[in-house]
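Participant: Please read through the structure below; I'll follow up with questions.
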Amino acid sequence: MTAGADNVRLTVGQTVVRFLASQWSERDGQRQKLFAGCFGIFGHGNVAGVGQALLQNELTEKEERLPYVLARNEQAMVHTAVAYARQKDRLQTWACTASVGPGSTNMLTGAALATVNRLPVLLLPSGTFATRVSGPVLQELEAPNAADVTVNDAFRPLSRFFDRVNRPEQLPSALLGAMRVLTDPVETGAATIALPQDVQAEAFEWPVDLFAPRIWRIARPVPEAVDVADAATLICSARRPLIVAGGGVHYSGAEQALRVFCEATGIPVGETQAGKGALPHGHPQAMGAIGSTGTTAANALAREADVVIGIGTRYSDFTTASRTAFQDPGIRFVNINISRFDAGKHAGLPVVADAREALTALTAALQGYAVDPAYRDRQVRLFRDWDARVEAAYHPPAEVTDALAAGVLTQGTVLGCVNELSDPRDVVVCAAGSMPGDLHKLWRVRDRKAYHVEYGYSCMGYEIPGGIGVRLADPDRDVFVMVGDGSYLMMPTELVTAVQERVKVIVVLVQNHGFHSIGSLSESLGSQRFGTRYRFRNDATGRLDGGKLPIDLAANARSLGATVMEVRSRGELEQAIKDAKAAPANGGPVVIHVETEPTVHAPDSGSWWDVPVSQVSDLDTTQRAHATYAGHKATQRALLAPTERTNL
């Protein structure tokens, strides 16, 4: 490394690392490093470029460090970075480096997950030679019709920012462009800078100004006064208003502002998956989950609501029960969102602003307004009835438990034990299968950052790497990873990363011998749970309906270095949870293996999710399912009527 008066000579890889280590974010006067470090797996595409730069940074840099963590799967390391960013309210994240070919394309699912969930992560996929002097090289895709196409072009539709650096001179603009997107709460998602392997190792004279510390301020846009006035007028006309709280409430840190707003007005709150915990369990306006996996309380109020106030939600189909949740013929929407794209949904009145700022302004504008006392009383009654159902799911009656096979619990019992024995600040992490829906309905959230279910992309395998990301972001909290056997088998390998980094995550591994969620969905669609069970192929029938597969997931977790506890009763499960919490903070992962019965379901939400059923079939089960489907479709609404503005 040599330097001129105003320049420093570094490779592209060294420049990337030094630049990232000097980036900061700031919101409300609080400043933090934008990048906590870099996850990576090295191959011939990055070991001599970004890999060498990370080594040099570790050995020679004293202050501007970019710590490196070795992952076991490239998709998983992106999940870990995304979970970290979510726990940090999008103020910090990680970079991820991977080698050429499959190493880089393994990150594609993580890129999609980050962008769908509007969570920042920097991806550094490696590319084949920009000079093409050695082509085709190992793992290179050759496209006969376009010589400049590489597998990294697959990141384009999945990223909020994409650039390929074919010359060192292009790097500064790529880095600055990626930082802009990562720190923009409207545009954020996956930012991808593709780095060909030869370019990573190429040296260049860089201006020293490139490495000066940069502070990226996270904006809090305030609402237009006219929008606040229009929204207040519309809300004042409502007799049965309802709030739908989404992830934007958390990312804005707007929980207290929401609480003040609800207590002043008496407007109840239904929560999306990302918004769960916007109000703590037990608050009189907290109706819990809304939509397809919602509570009967929130969904009953949704059916009757005449004005819906969406706060930081993108209105996914699970939230709206595939547009069947809101049935009042004159329903109108007020949409508070930092993104104009989301604020315009359902033909609502858009209030484009930071959630906290908008709620504060709206509370002032609604001074003196409150719902009828009878409406408050109805909220309390509805949720009290639902909470009794939750209690019955957590502590099922004897006729249910007695009917189960020895050593098998209900999923509700497992969730109840964890919920009741965990501390209020402990975090539950989940992503796919039946448990996200059960958690959404049943979990009693007691802290704003204690619920972490990835349900934008609902990616199987997210759970363990996601739990690691949460624990790295918030090491003072215990993290409970809830994962079924199907999702566990997708990506158990990050247990090794947790062992190596001594990251304590408590994994509750639920064995139900198949895909519980899709099995239930298949049955409801008339497909008879086909292809969803872990069973031997039956020699007599040729079908996958033989005996259970002899899979020992506890042994698998133990072989990866985790501490494993196998439980077969409620008492053993309770003791295991206590022991896991008492385990050393730097003792690595603890896995609690428990078997459950997949045919015992959580309380029904009384709601619907639109998954098409075959219109014609020889199977009676499918024919009946289609008749049921047609009935639900008849209640689906377009939600296109424009919301009037008072200043028209």
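All you need for the numbering used here is the position in the sequence shown, starting with 1, plus 361.
Where a beta carbon is used, it is the ideal one built from N, C-alpha and C, also for glycine.
#1: Any idea which residues DSSP pairs Asp524 with across the strands?
#2: Count Cβ pairs between the segment 706-725 and the segment 741-750 that sit closer than 8 angstroms; are there 3 or more?
#3: If you count every other CB in all the chains shown that lies within 10 Å of the CB of Pro773, and 16 or more means buried, which is it?
#4: So who's on the other strand from Phe565, going by DSSP bridges?
#5: Is Leu1009 buried or exposed, if buried means 16 or more other CB atoms sit within 10 Å of its CB?
#6: Once DSSP output is grouped into helix, strand and coil, what is the label at His611?
#7: Return the chain-ordered ranges of every alpha helix (DSSP H) run that is complete within the segment 973-1007 and spans a minimum of 4 residues.
#8: Could you check the C-alpha separation between Asp1057 and Leu980 for me, to the nearest Å?
#9: Examine the Cβ distances between the segment 600-613 and the segment 636-656 and report whether three or more of them are shorter than 8 angstroms.
#10: Using only the alpha-carbon positions, how far apart do Lys939 and Ala726 sit?
#11: How many Å lie between Met362 and Pro486 at the Cα?
#12: Quick check on the DSSP output: the beta strand (DSSP E) that includes Val812 runs from which residue to which?
#13: Please report the distance separating the alpha-carbon of Asn917 from that of Lys394.
#14: With a threshold of 16 other CB atoms inside 10 Å of the CB of Asn873, please say whether the residue is buried or exposed.
#15: Within the 8 angstroms Cβ cut-off, does Thr854 reach chain C?
#16: In this structure, does DSSP put Val955 in helix, strand or coil?
#17: DSSP three-state call for Met926: helix, strand or coil?
#18: Please report how far the alpha carbon of Val864 lies from the alpha carbon of Glu424, in whole angstroms.
#19: Pull up the distance between the alpha-carbon of Thr1004 and that of Phe694, whole angstroms please.
#20: For Arg517, count neighbouring Cβ atoms within 10 angstroms of its own Cβ and tell me buried if that reaches 16, exposed if not.
#21: I need the straight-line Cα distance from Leu571 to Ala749, nearest angstrom please.
#22: Under 8 angstroms between the Cβ atoms of Leu720 and Ala618?
#23: Kindly give me the distance between the Cβ atoms of Gly398 and Tyr429, rounded to whole angstroms, as I take these residues to be in contact under 8 angstroms.
#24: Select from Ala834, Met843, Asp787 the residue whose C-alpha is nearest the C-alpha of Asp450.
#25: What do you reckon, are the CB atoms on Leu427 and Ala382 nearer than 8 angstroms?
#26: Taking Thr489 as the reference, give the member of Thr511, Pro481, Val583 with the closest Cα.
#27: Leaving out five residues before and five after Phe380 in sequence, what residues of the same chain have Cβ atoms less than 8 angstroms from its Cβ?
#28: Can you tell which of Val842, Asp799, Gly932 has its C-alpha closest to the C-alpha of Tyr823?
Facilitator: Taking the geometry as given:
#1: Ile554
#2: no
#3: Inspection of the sequence shows that residue 773 is occupied by Gly rather than by Pro. The residue in question, Gly773, is buried, as its Cβ has 16 or more Cβ neighbours within 10 Å.
#4: Leu371
#5: At Leu1009, the pLDDT of 42 sits below 50, so the modelled position is not reliable and the matter cannot be decided from this model.
#6: helix
#7: 981-994
#8: No answer is possible for residue 1057: it lies beyond the span of the chain, which begins at 362 and ends at 1009.
#9: yes
#10: 48 angstroms
#11: Note on Met362: pLDDT 45, under 50, position unreliable in the model; the coordinate value appears next. Taking the straight line from one Cα to the other gives about 25 angstroms.
#12: A quick correction: the sequence has Tyr, not Val, at residue 812. Start and end: 812-814.
#13: 37 angstroms
#14: buried
#15: Protein chain content of the structure displayed is limited to a single chain, and chain C is not contained in it.
#16: strand
#17: strand
#18: 24 angstroms
#19: 7 angstroms
#20: exposed
#21: 60 angstroms
#22: yes
#23: 6 angstroms
#24: Ala834
#25: yes
#26: Thr511
#27: Leu536, Leu571, Phe572
#28: Val842
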